[in-house]
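S.K.:
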DNA sequence: TTTATATTTCGCAAACATACGAAATGTTTT
DNA sequence: AAAACATTTCGTATGTTTGCGAAATATAAA
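Residue numbers (our numbering), protein chains in the order written: chain A, 7 to 123; chain B, 7 to 123.
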């Protein structure tokens, strides 16, 4: 009878961050921004990514909405950087989530090849 | 001139795992399965989740496709468990990805409140 | 063999995501 | 003021995701 459970804030936040990370263009941008200690122009990114300017702009908007990047307006450019605070928050969330296993269980049969991965 | 970059396998795999993790129902299922060292019936899950049986079945199918769970047929039930091998793989991928920052950079201005998080 | 149970697949509808080019915005240079 | 530039927003097309209930599948119990 426990129907209609409320998801915990952690579960909801993992789902939100994961949605932001669910497209290779966005993963690439975050990887680049987190590696290069400085920031990055939209115009630089469009050169190396297989999408047009307006599409890239939407991906950047989504990452900004998710709180993972921030933009500094530096006319006529906009420099994008990692939002370190939320990046650390994401790290904690994922590490906690992925470490939650209490012990190793008995394998459960039927492990298939997964050729598509 | 470096247009049309190929995404690395790591970037693509993070995007795939993240897609699987981009819905609270699926995050909840993985959290539960990774915590409880044993397995879980679809019928038990439907009791505590705000979706119907057929919808839950689709979410389970997606997690299975992503390689994160596996099902042991134990008629007339199907027991689902974490796929430990790929769960560990995901852990490594995310930890590497989230630790890739080379140093702390100069903050980049324009940090907004993010009330929706 | 019929009935009950657990789960999945099918068919459909509504909402969302991804992509593009054209037009809009705002700034700098001429 | 006009031209050039970087970027975003708008409108639109197309595909994918999420959800449901009904029908299908397959096993167990009566």
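All C-beta atoms in this analysis are idealised placements derived from N, C-alpha and C, irrespective of residue type, glycine included. Keep in mind it's a predicted model, so treat the numbers as computed, not measured.
Tell me which residues of the region 47-68 of chain B have at least one Cβ-Cβ distance to chain A shorter than 9 angstroms, keeping chain order.
M.R.: 52, 53, 54, 55 and 56
S.K.: Closest Cβ-Cβ distance between residue 74 of chain A and chain B: below 8 angstroms?
M.R.: no
S.K.: Note down, in chain order, every chain A residue with its Cβ under 7 angstroms from the Cβ of residue 30 of chain B.
M.R.: Here the neighbours are 13, 17, 18 and 21.
S.K.: Please work out which residues of its chain come closer than 8 angstroms, Cβ to Cβ, to residue 20 of chain A, disregarding the five sequence neighbours upstream and downstream, and give them in chain order.
M.R.: 99, 100 and 103
S.K.: In the structure shown, what three-state DSSP assignment does residue 116 of chain A receive?
M.R.: Because the pLDDT of residue 116 of chain A is 49, which lies under 50, any placement of that residue in the model is unreliable, and the question is left without a value.
S.K.: Strictly below 7 angstroms CB to CB, what residues from chain A border residue 101 of chain B?
M.R.: 101
S.K.: If you run the structure through DSSP and keep just helix, strand and coil, what is residue 105 of chain B?
M.R.: coil
S.K.: Excluding five sequence neighbours on each side, which residues of the same chain lie with their C-beta closer than 8 angstroms to the C-beta of residue 68 of chain A?
M.R.: 26 and 32
S.K.: Would residue 83 of chain B count as contacting chain A if we go by Cβ distances under 8 angstroms?
M.R.: no
S.K.: Just grab the DSSP bridge partners of residue 87 of chain B for me.
M.R.: B:76
S.K.: From residue 70 of chain A to residue 83 of chain B, what distance separates their C-alpha atoms?
M.R.: 44 angstroms
S.K.: Just to confirm my understanding: we take residue 92 of chain B, look at its own chain, exclude 5 residues before and 5 after, and list those with CB closer than 7 angstroms. What are they?
M.R.: Closer than 7 angstroms at Cβ, skipping near neighbours: 73 and 74.
S.K.: Which residues in the same chain as residue 96 of chain A place their Cβ atom closer than 6 angstroms to its Cβ, once the five residues preceding and following it in sequence are excluded?
M.R.: 23
S.K.: Please name the residue, chosen from A:38, A:28, A:53 and A:16, that lies closest to residue 89 of chain A on a Cα-to-Cα basis.
M.R.: A:38
S.K.: Would you identify the three-state DSSP class for residue 7 of chain A, choosing helix, strand or coil?
M.R.: Here residue 7 of chain A scores only 41 on pLDDT, less than 50, and its place in the model should not be relied on; the value that follows carries that caveat. In the structure shown, residue 7 of chain A sits in coil (DSSP, three-state: anything other than H, G, I, E or B).
S.K.: Excluding sequence positions up to five away, which residues of its chain have a Cβ less than 6 angstroms from the Cβ of residue 77 of chain B?
M.R.: 84 and 86
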